[in-house]
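Colleague: I have a structure I would like to understand better, so I am pasting it below and will then ask my questions one at a time.
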Amino acid sequence: MKNNILNKTLAFSFMCVMYMVCLSQAAADTHSQPELERLQTQWFEVLNGPNTQQQRFIDLQPVVKKMVKLSLAQPQDAQVQAWSGIMLSAFAGVRKHNGDHIAFFAQSMLHRAQQLDDKILDSRALGNGISARDALILALTNNPSGVDIQRFYSAFLDAPTTHMLASLDSGTQETTNSTFKHTQAMN
Numbered sequence: 000m001k002n003n004i005l006n007k008t009l010a011f012s013f014m015c016v017m018y019m020v021c022l023s024q025a026a027a028d029t030h031s032q033p034e035l036e037r038l039q040t041q042w043f044e045v046l047n048g049p050n051t052q053q054q055r056f057i058d059l060q061p062v063v064k065k066m067v068k069l070s071l072a073q074p075q076d077a078q079v080q081a082w083s084g085i086m087l088s089a090f091a092g093v094r095k096h097n098g099d100h101i102a103f104f105a106q107s108m109l110h111r112a113q114q115l116d117d118k119i120l121d122s123r124a125l126g127n128g129i130s131a132r133d134a135l136i137l138a139l140t141n142n143p144s145g146v147d148i149q150r151f152y153s154a155f156l157d158a159p160t161t162h163m164l165a166s167l168d169s170g171t172q173e174t175t176n177s178t179f180k181h182t183q184a185m186n
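Sequential numbering of the sequence shown, starting at 0, is according to numbering that gives the first Met the number 0.
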């Protein structure tokens, strides 16, 4: 009898703890969205502002730091992981002559996002009406530091990504190609 009551009490306690964990996780997920949108806005302002490379580097540091913290707090959120990779790639682009290691860390964040959601890099659900691929191109366009864009793109475009690009409809592919050509012409 005592064992039966003890088992029921333990089961009830376990269910309560699990319920509290689920509620706290759901609350954390809803709080991350406004933070992500705020960081996206700051990122766009820094990249589109008339700043020098050194000022962009200084201005991007706190944005990237907060984004990495958010991505560590939300490891299963593909949108957060994708934006973390995008912002890290922008940071690598404004870092003088030694941003390659940051670019490859950004690449791993983008691969992580793609593992979580295989369509995340081409979805328009990233906010601000921009796809992750277009945002990555924007980040790499602001690249006066000498990060080898061709090397980064070739490493980023592995077999699954290449198949995903091949499956795009022609209109999206033409837009992506024209953006890529525009990026190449600028460098």
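Where a beta carbon is used, it is the ideal one built from N, C-alpha and C, also for glycine.
Nothing here was measured: the structure is a model prediction, and the numbers come from that model.
State the DSSP-derived secondary structure class of K84, mapped to helix, strand or coil.
Modeller: Checking the sequence shown, residue 84 turns out to be Gly, not Lys. If DSSP states are grouped into helix, strand and coil, G84 belongs with the helices.
Colleague: Using alpha carbons as the reference points, say which of L109, S107 and R94 lies closest to T51.
Modeller: With distances taken between Cα atoms, T51 lies closest to R94.
Colleague: With the cut-off set at 8 Å, would you say V79 and L35 are in Cβ contact?
Modeller: Yes, Cβ-Cβ distance for V79 and L35 is below 8 Å.
Colleague: Using the beta-carbon count (16 or more within 10 Å), is L71 buried or exposed?
Modeller: The residue in question, L71, is exposed, as its Cβ has fewer than 16 Cβ neighbours within 10 Å.
Colleague: Am I right that Q106 and G84 are in contact with their C-beta atoms under 8 Å? What's the rounded C-beta distance?
Modeller: That belief holds up - the Cβ atoms of Q106 and G84 are roughly 7 Å apart, short of 8 Å.
Colleague: Determine the direct distance from the alpha carbon of A81 to that of D117, and round the result to whole angstroms.
Modeller: Roughly 11 Å separates the two Cα atoms.
Colleague: Please report the straight-line C-alpha distance between Q75 and I119, rounded to a whole angstrom.
Modeller: Whole-angstrom Cα-Cα distance: 13 Å.
Colleague: If you run the structure through DSSP and keep just helix, strand and coil, what is Q75?
Modeller: Coil at Q75, not helix or strand.
Colleague: Please report the straight-line C-alpha distance between Q41 and Q114, rounded to a whole angstrom.
Modeller: Distance between the alpha carbons of Q41 and Q114: 27 Å.
Colleague: Do you know offhand how far R111's Cα is from E44's?
Modeller: Those two C-alpha atoms are separated by around 26 Å.
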